[in-house]
Amino acid sequence: AYASLSHCWGTSSHPLTTKATLESRKRGFPVAELAQTFQDAIFVTRALGIRYLWIDSLCICQDDRADWERESAKMASVYSNAHITISAQRASDDSAGFLGERKERTYVSVPYTPEGVEVMAFEIPISHAAYGHRCLEAEEEPLSQRAWVLQERRLSPRNIHFGTREIAFECVGHEFVTEDGFEHDEKIEWFDIETMTPDPGFEDFLYRGPVAWSNLVRTYTNKVLTKKSDRLPAMAGFARRFDELWRDQMSEEKKSNWKPGGEYAAGLWRKNLVEGLAWQCVGGRGTYLDEYRAPSWSWASLEGDMAVSSLGTWTDLVSIEDVSVSIDGQNPYGEVSGGYIQLK
């Protein structure tokens with residue numbers, strides 16, 4: 003068993019694994035040389051009785067493009083197979099750590115004593131009181147604003163979040179509970195590839211592909227990337243998960259012909275490509291980059307918040323004659339160097 007770490011690199015300099023340091027890393031190194039967030043993660047891992055800890059900046063050679071492509075393509079496997087992911091939510095930089103002192107809470111005695119037990123109350127953010135799901139999303143935390151972190155969290159079977167105010171535990175398929183006693187009233191299910199069943203009479207108005215993918219695109223494109231070229235790689239773990247879930251539903255004959263990324267096209271899916279092309283920029287026009295990132299027909303080509311949603315009745319006016327994407331590297335769900343689509 004191993005734990006994985008989800009963290010904000012920040013701007014401070016700290017030891018990385020590079021071609022020059024790879025051999026010395028294999029021989030071992032003092033924990034004290036690591037950034038404070040890494041030291042805190044090691045402490046938590048040991049306290050949980052787990053022997054191994056996976057940290058991206060130490061386990062991937064950072065100046066070896068081939069190694070980075072190979073390992074980034076495995077992100078879905080790394081996080082989904084971890085026993086637990088340690089989420090350093092409160093730390094905006096690896097030098098900050100996440101086990102330091104927190105702001106002390108003010109408690110108020112409640113004039114109600116069941117069986118001699120004193121009841122104390124404390125203030126919580128108004129937004130959390132009104133909308134409990136915001137506690138689940140933790141949007142105000144530095145880590146939650148990063149694009150890479152979305153798949154790190156949602157691919158992990160369990161997360162322990164070290165936030166600014168409190169600690170929370172999340173178990174996919176079961177629960178989300180916080181230190182102050184909040185419990186999310188629904189089971190945590192991030193992936194459901196089945197199309198949402200429309201109410202009678204609304205079949206042509208709702209998204210006809212996997213709703214979970216549509217929701218992911220909307221949430222993901224609202225996050226921050228340090229490297230703009232990571233628009234597709236930072237979502238590659240999700241793409242692989244969806245592709246494998248679809249494969250598992252295939253007949254044995256079709257499974258024998260399946261290949262990773264065969265149904266994926268730069269952020270869109272071939273099985274509902276016409277609808278996938280109907281993405282839109284939310285809150286204004288998107289911005290094209292000077293560097294090529296994706297074909298212009300993909301939402302990944304622009305900066306900005308994107309969404310695929312119905313604005314009325316879906317009526318296909320075209321059919322897909324051909325679509326092709328050129329992969330840039332070894333990850334079939336990662337960066338692309340070109341692509342075209344033919345419509346009829």
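Per this note's numbering, the sequence shown starts with residue 3, numbered consecutively. Glycine residues also receive a C-beta, built at the ideal position from the N, C-alpha and C atoms.
Query                                                                                                     : Result
Segment contact flag, the stretch 301 to 312 with the stretch 212 to 228, C-beta cutoff 8 Å, min 3 pairs  : yes
Distance cut-off 7 Å: Ile-57 Cβ against heavy atoms of the ligand HEM                                     : The ligand HEM is not part of this structure, which contains no ligands at all.
Residue nearest to Ile-88 in terms of C-alpha spacing, selected from Arg-104, His-9, Gly-102 and Ser-111  : His-9
Where Gln-282 falls: helix, strand or coil (DSSP)                                                         : strand
Contact under 8 Å by Cβ, Trp-56 with Tyr-4                                                                : yes
Burial state of Ser-376, where buried means 16 or more other Cβ atoms lie within 10 Å                     : In this structure the chain extends from 3 to 346, so residue 376 is not present and cannot be described.
For Phe-171, the residue or residues it bridges with in DSSP                                              : Ile-162 and Val-179
Touch test, the stretch 17 to 27 against the stretch 57 to 77, Cβ-Cβ under 8 Å, three pairs minimum       : yes
Inter-residue spacing [alpha-carbon to alpha-carbon] between Ile-52 and Ile-169                           : 19 Å
Segment contact, 8 Å Cβ cut-off, at least three pairs: the stretch 282 to 289 with the stretch 243 to 258 : no
Cβ contact (3+ pairs, closer than 8 Å) linking the stretch 33 to 40 and the stretch 90 to 108             : yes
Of the listed residues Leu-101, Ile-162 and Pro-297, nearest to Arg-233 (C-alpha basis)                   : Pro-297
Limits of the alpha helix (DSSP H) - the one that Leu-24 falls within                                     : 24 to 29
Thr-47 to Arg-107 span [Cα, whole Å]                                                                      : 27 Å
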